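The structure appears below as structure tokens.
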Amino acid sequence: MTVVVSNRGPYRFVARPDGSFDARIGSGGVASSLGPLLTSGAAGSDAAWIAAAVDDDDRAAVRGGAVDASGVSLTLLDLDPSTYRLYYDVVSNGTLWFLHHGLFDLPRRPRFDRRFREAWDAYSSVNLAFASAVADVAADGAVVLVQDYQLALVPGMLRRSRPDLRIAHFTHTAFCGPNSIRVLPTDIAEQICASMATVPCGFHSARWANAYSASAREILGAEAEIAPTFVASLGPDPDALATVAASPATAAASTALADTVGDRALLLRVDRIDPSKNIVRGFHAFDTMLAEHRAWRERVIFVARLNASRETMPEYLAYRNEVEQAAQRVNERWGTSDWQPVVLDARDDFPSTVAALLRYDALLVNPIKDGLNLVAKEGPLLNERDGVLCLSPEAGAWDELGEAALRIHPYDVDQAAGALHTALGMNRDERAARGARLRALAGARTPSDWLDDQIRSAG
Ligand code: G6P
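All the letters of the sequence shown, read from the start, carry residue numbers 58 to 516 under our numbering.
This is the structure in structure tokens:
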């Protein structure tokens with residue numbers, strides 16, 4: 058038996074006016090890749106998934122008995138909303154996400170005080186609720202796959218309550234290094250590392266695995282026993298992508314995109330609106346490219362497909378404003394009566410994303426830090442024009458794709474502008490050679506390879 062444990066489940070349940078619920082695929086890499094895998098039975102017929110009810114609609118679905126997923130026995134935990142907010146907003150997103158992606162403005166944030174301690178208690182109690190739910194459903198000797206930074210304390214708790222289980226923890230994000238982990242209060246860094254150290258810990262890239270090992274060693278000391286790490290990157294599901302690409306919804310979205318882009322070049326990005334994605338500097342780089350290479354004026358459109366994310370947090374709302382203003386500045390500076398240089402597209406609609414991935418001439422992926430970045434792999438697999446991938450080495454996907462991508466320095470805006478110019482102007486032969494190599498590299502691993510690696514590594 059395999060039990061998957063993650064904060065976000067495979068579906069978000071959205072209430073319909075008639076009182077029933079619509080099950081929509083959750084956002085982010087964990088839900089969108091694990092969901093289809095588990096519901097298709099890839100983890101065996103007796104797989105179970107434990108996740109949180111993440112909002113009021115989810116909680117109503119739990120209470121109404123409407124939580125259902127084919128192929129997997131799904132439990133959503135109906136947690137106290139204010140406890141959940143402290144666990145999710147304050148600790149998971151406001152602290153651990155910022156820590157692992159290097160987003161703190163250290164002279165100002167974080168500040169660990171009494172309010173934070175309350176949030177930490179909430180984080181511990183939610184982790185305990187997850188561990189207890191696993192202990193209730195897991196058969197003797199079951200494999201338990203705990204996902205991500207929201208659940209860093211679950212491995213240690215389960216080790217104590219259920220020594221029979223085979224457990225792995227998989228982090229989908231970057232992991233901070235030994236200097237940064239010292240930002241956390243010492244006892245909290247110890248609890249996180251001590252818990253993770255009890256089970257094999259997996260990462261998308263060797264960089265994050267090494268950073269975790271060095272951090273755990275720093276915090277727990279030279280003599281501590283630390284279970285081994287493993288590196289298992291996720292890859293897109295080529296068949297699922299091909300099905301969406303061939304759908305009528307994608308065809309309609311492609312027609313609409315062709316109307317917008319016309320015969321101009323298309324620069325594309327696809328991201329959640331998150332400070333780690335470095336969206337504002339992407340617009341600055343585009344602005345610099347238009348300033349320095351006049352030939353691109355009127356000849357290129359930058360489509361940014363951006364999904365709203367974590368909007369209960371002031372930092373995310375402020376970042377969204379900065380993103381919108383940066384895009385507007387480029388449009389005001391360079392736009393003409395029949396050319397809007399930047400098109401922001403916030404529709405949460407996968408066929409429209411697929412249509413854009415089929416058509417781009419250059420794809421910009423320039424995160425400050427990113428555990429993997431699945432779009433960097435989905436793009437090359439789908440793209441029909443040998444589009445150039447402009448990739449930050451701070452994305453885990455760089456390990457696998459870097460040799461065929463153009464490097465984008467996440468902070469060096471002039472360098473990034475030069476790389477965008479090179480990408481958009483690259484000759485056909487070089488694009489074809491890079492495109493073929495990228496397709497091979499991006500398709501080398503599937504979601505089931507990744508799941509199998511986790512199951513095999515659990516100990
Ligand atoms: C990243 C994390 C996931 C998370 C996703 C979306 O991919 O690794 O754990 O689910 O972002 O973020 P959210 O906070 O909306 O779940």
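Glycine residues also receive a C-beta, built at the ideal position from the N, C-alpha and C atoms. Note that this is a predicted model, so its numbers are computed, not measured.
Cβ distance (whole Å) where residue i is taken to contact residue j below 8 Å
{"i": "V288", "j": "A266", "result": "5 Å"}
{"i": "D418", "j": "G453", "result": "Incorrect: roughly 25 Å between the Cβ atoms, too far for contact."}
{"i": "Y144", "j": "V183", "result": "4 Å"}
{"i": "T286", "j": "G259", "result": "7 Å"}
{"i": "E275", "j": "P235", "result": "4 Å"}
{"i": "A74", "j": "L95", "result": "The amino acid at residue 74 is misidentified as Ala; the sequence shows Pro. Not confirmed; about 30 Å, so no contact."}
{"i": "L115", "j": "R69", "result": "Contrary to the premise, residue 115 reads as Asp rather than Leu in this sequence. 7 Å between Cβ atoms; contact."}
{"i": "G516", "j": "A251", "result": "About 17 Å separates the two Cβ atoms, so there is no contact after all."}
{"i": "P242", "j": "F169", "result": "5 Å"}
{"i": "R488", "j": "D443", "result": "4 Å"}
{"i": "R326", "j": "G339", "result": "6 Å"}
{"i": "D294", "j": "P504", "result": "5 Å"}
{"i": "H478", "j": "H350", "result": "5 Å"}
{"i": "A299", "j": "P93", "result": "About 14 Å; that fails the 8 Å criterion."}
Proximal residues to residue i (C-beta, below 8 Å), its chain only, five neighbours per side dropped
{"i": "L458", "result": "A433, K434, P437, L446, L448, L495, L498, A499"}
{"i": "L185", "result": "L210, M214"}
{"i": "R223", "result": "G198, A199, V200, V201, A515, G516"}
{"i": "D205", "result": "S63, N64, V87, F227, T228, H229, T230"}
{"i": "A302", "result": "V411, L415, L439"}
Same chain, Cβ closer than 6 Å to residue i, five either side skipped, listed in chain order
{"i": "V399", "result": "F359, A384, V387, N388"}
{"i": "A403", "result": "L363"}
{"i": "F173", "result": "none"}
{"i": "G98", "result": "G128"}
{"i": "Y180", "result": "Y144, V148"}
{"i": "S409", "result": "A310"}
{"i": "H226", "result": "V203, P212, M253, V256, C258"}
{"i": "L401", "result": "A361, A384"}
{"i": "P164", "result": "none"}
{"i": "M483", "result": "V445"}
{"i": "E441", "result": "L415"}
{"i": "N64", "result": "A109, Q207"}
{"i": "N430", "result": "V422, A452, A454"}
{"i": "R216", "result": "T255"}
{"i": "D510", "result": "A289"}
{"i": "D344", "result": "V387"}
Terminal residues of the beta strand (DSSP E) in which residue i lies
{"i": "F260", "result": "258-260"}
{"i": "H466", "result": "Looking at the DSSP string, H466 is not in any beta strand (DSSP E), and its letter there is neither H nor E."}
{"i": "Q397", "result": "Where Q397 is concerned, there is no enclosing beta strand (DSSP E), given that its DSSP letter is neither H nor E."}
{"i": "Q204", "result": "200-204"}
{"i": "A228", "result": "According to the sequence displayed, residue 228 carries Thr and not Ala. Residues 223-228."}
{"i": "T286", "result": "286-288"}
{"i": "F70", "result": "68-72"}
{"i": "A13", "result": "For residue 13 there is no data in the structure shown, the boundaries of the chain being 58 and 516."}
{"i": "L448", "result": "445-448"}
{"i": "T59", "result": "59-62"}
Own chain residues within Cβ distance below 7 Å of residue i, not counting five before or after
{"i": "L374", "result": "E368"}
{"i": "A322", "result": "R356, V357, D418, L481"}
{"i": "P450", "result": "G459, R464"}
{"i": "I245", "result": "W177"}
{"i": "Q248", "result": "L210"}
{"i": "P424", "result": "S333, K334, N335, N430, S449, E451, A452, P467"}
Residue i, enclosing alpha helix (DSSP H) - first and last residue
{"i": "Q472", "result": "470-482"}
{"i": "I276", "result": "263-277"}
{"i": "L420", "result": "Counting along the chain, L420 falls outside any alpha helix (DSSP H), though it belongs to the beta strand (DSSP E) covering 419-422."}
{"i": "F187", "result": "171-194"}
{"i": "V411", "result": "407-416"}
{"i": "V432", "result": "432-439"}
{"i": "D510", "result": "504-514"}
{"i": "V318", "result": "305-318"}
{"i": "C250", "result": "243-253"}
{"i": "D427", "result": "Careful: D427 lies outside any alpha helix (DSSP H) and carries neither H nor E."}
{"i": "L298", "result": "295-302"}
{"i": "P212", "result": "211-218"}
{"i": "E487", "result": "485-499"}
{"i": "L94", "result": "86-96"}
{"i": "E457", "result": "455-458"}
Residue-level contact to chain D via CB, residue i, 7 Å cutoff
{"i": "D344", "result": "The structure shown contains no chain D; it is built from a single protein chain."}
request  = Starting from the N-terminal side, write out each stretch of the beta strand (DSSP E) that is 3 residues or longer and does not extend beyond the region 100-168.
outcome  = 105-109, 130-134
message = Restricting to runs no shorter than 3 residues, where is the beta strand (DSSP E) found entirely within the region 321-348?
response = For the region 321-348, whole beta strand (DSSP E) runs of length 3 or above, ordered along the chain, are 322-329.
message = Going residue by residue through the region 351-387, where are the continuous beta strand (DSSP E) segments of at least 3 residues, counting only ones entirely within it?
response = 357-364
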